[in-house]
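Worksheet: one structure, shown below.
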Amino acid sequence: MTCSDFLKELTDYLDEAMDAQTRAELEDHLQWCHNCYVICNTTKRTIEIYRDSHLYELPDDLRDKLRSAILAKCHNHQSSCCDEAHPSKEAAGPKLAASPGETRTK
Amino acid sequence: MGTIQPKVAEPVSDELALVHAAKAGDMGAFEELVRRYDRNVFRIAQHITQNREDAEDVVQDAFLKAYQNLGNFQEQSKFYTWLVRIAVNEALMRLRRRRPERMVSLDEDIKTEEDSMPREVADWAPNPEQLYTQGELRDILGKTIQGLPPSFRTVFVLRDVEGLSTEETADALDLSIPAVKSRLLRARLQLRERLNKYFKNRTGGDGKK
Chain A
1 MTCSDFLKEL TDYLDEAMDA QTRAELEDHL QWCHNCYVIC NTTKRTIEIY RDSHLYELPD
61 DLRDKLRSAI LAKCHNHQSS CCDEAHPSKE AAGPKLAASP GETRTK
Chain B
1001 MGTIQPKVAE PVSDELALVH AAKAGDMGAF EELVRRYDRN VFRIAQHITQ NREDAEDVVQ
1061 DAFLKAYQNL GNFQEQSKFY TWLVRIAVNE ALMRLRRRRP ERMVSLDEDI KTEEDSMPRE
1121 VADWAPNPEQ LYTQGELRDI LGKTIQGLPP SFRTVFVLRD VEGLSTEETA DALDLSIPAV
1181 KSRLLRARLQ LRERLNKYFK NRTGGDGKK
């Protein structure tokens, strides 16, 4: 197995998505190839660091605002559907259109 | 050498019951689906758009579209995978609006395999993330993933951050499994290469701490 062969299999190796024989061949390669060992190890660390980083977590206050906005739009959608089904009710209240440009909550 | 264990997914045993109730008009059930997945959708949206306001809009629009189209959800995939597909499309649309001069597509095939071939092989410090404060680390990780093509960071965030399977990622992005694997490998290798400069073992004493 060459280093290039190893790299092609790296994703499946890290994801444990391969048969036992291929896995054994890759691990044999890792025993003697320091470069592939380092690349494998640092790629694994890359994934772990991103996974554990809590990058782009949704703050609780923003989460509440977004949820309220979503549910309000869903209610509006439901109301407008009912209005279409029963046109005589349209005069009962204004309809709120939810266009992409109006989605900002703050 | 150890391998990567996928995140334990939230129990989905009652997901279908919630979807059925929401389809029948139960707003409480839909709200529960929002609570269950809003953080995931926000993370995915911000990874793709790299813009906080766009990510907020994507969360709202994705859930609204899901609600409007619940009747069309055939339940052949998980609700979450279907929702992710909607969110990714919304996020890519916003990215295109911000960058009209650049083609933004999941189908783009980026350069050649060589763009991801490791150029620098340097071992990292034992706990590289501890070389930096939480804030510094978030800046580094954000800046680093921002440099990846959208199609790469989309696959990376779904597979490695959100823990979707290869099959679910392919389903959500309408890509083949080999295409997902190819993009994932290149995303992982490019991120690793870019993080080298921050995390490599510094024996000369010129690094931080």
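Chains A and B, in that order, are what the protein sequence lines are.
Position 69 of the first sequence, counted from 1, bears residue number 69 in this note's numbering, the numbering being contiguous throughout.
Position 50 of the second sequence, counted from 1, bears residue number 1050 in this note's numbering, the numbering being contiguous throughout.
Beta carbons are placed, not taken as given, at the ideal position from N, Cα and C, and that holds for glycine.
Asked	Found
Do we get a CB-CB distance below 7 angstroms when we pair residue 1110 (chain B) with the residues of chain A?	Per-residue confidence for residue 1110 (chain B) stands at a pLDDT of 49, beneath the threshold of 50, marking its modelled position as unreliable; no derived number is given.
In chain B, what lies closer than 7 angstroms to residue 53 (chain A) by C-beta?	1137, 1138, 1141
According to DSSP, what are the bridge partners of residue 1143 (chain B)?	Answer is none; residue 1143 (chain B) lacks a bridge partner.
Give the interface partners of residue 1161 (chain B) over in chain A, defined as CB-CB distance under 7 angstroms, in chain order.	50, 51
Should residue 103 (chain A) be flagged as near chain B, meaning a C-beta pair shorter than 7 angstroms?	Confidence is the limiting factor: at residue 103 (chain A) the pLDDT is only 41, short of 50, which leaves the residue's position unreliable, though a coordinate-based value still follows. Residue 103 (chain A) counts as touching chain B.
In chain order, what residues of the same chain have a beta carbon less than 8 angstroms from the beta carbon of residue 1022 (chain B), not counting five sequence neighbours either side?	1029, 1030, 1033, 1067, 1070
At a CB distance below 8 angstroms, what residues from the stretch 1036-1048 of chain B approach chain A? Give them in sequence order.	1038, 1039, 1042, 1043, 1046, 1047
Do the stretch 1135-1152 of chain B and the stretch 30-44 of chain A meet, that is, are 3 or more Cβ pairs less than 8 angstroms apart?	no
Please state whether DSSP places residue 1184 (chain B) in a helix, a strand or coil.	helix
Please check if any C-beta of chain B sits within less than 7 angstroms of the C-beta of residue 58 (chain A).	yes
Buried or exposed, going by whether 16 or more other CB atoms sit within 10 Å of the CB of residue 12 (chain A)?	buried
For the stretch 1055-1068 of chain B, enumerate the residues whose C-beta is nearer than 7 angstroms to any C-beta of chain A, in chain order.	1056, 1057, 1059, 1060, 1061, 1063, 1064, 1067, 1068
Return the residues of the stretch 1172-1205 of chain B that lie within a Cβ-Cβ distance of less than 7 angstroms from chain A, sorted by chain order.	1181, 1184, 1185, 1188, 1189, 1191, 1192, 1195
For residue 1026 (chain B), which residues in chain A fall below 9 angstroms Cβ to Cβ?	Residues of chain A passing the Cβ test: none, with the nearest at roughly 11 angstroms.
Does residue 67 (chain A) have its Cβ less than 7 angstroms from a Cβ in chain B?	yes
Is it buried or exposed, residue 1166 (chain B), if we count other Cβ atoms within 10 angstroms and call 16 or more buried?	buried
Give me the DSSP bridge partner(s) of residue 1124 (chain B).	B:1200
Could you tell me the boundaries of the alpha helix (DSSP H) in which residue 2 (chain A) lies?	Careful: residue 2 (chain A) lies outside any alpha helix (DSSP H) and carries neither H nor E.
Keeping to the same chain, check which residues put their C-beta closer than 8 angstroms to that of residue 1122 (chain B); ignore five residues upstream and five downstream.	1196, 1200, 1201
Between residue 15 (chain A) and residue 1188 (chain B), what straight-line distance do the alpha-carbon atoms span, to the nearest angstrom?	12 angstroms
If you draw a straight line from the C-alpha of residue 1085 (chain B) to the C-alpha of residue 1172 (chain B), how long is it?	5 angstroms
Out of B:1059, B:1076, B:1074, which has the shortest C-alpha to C-alpha gap to residue 68 (chain A)?	B:1059
What span of residues does the alpha helix (DSSP H) with residue 48 (chain A) cover, start to end?	34-52
Looking at the unbroken alpha helix (DSSP H) that takes in residue 1028 (chain B), where does it start and where does it end?	1027-1049
Would you kindly work out how many angstroms separate the C-alpha atoms of residue 1046 (chain B) and residue 1052 (chain B), rounded to a whole number?	6 angstroms
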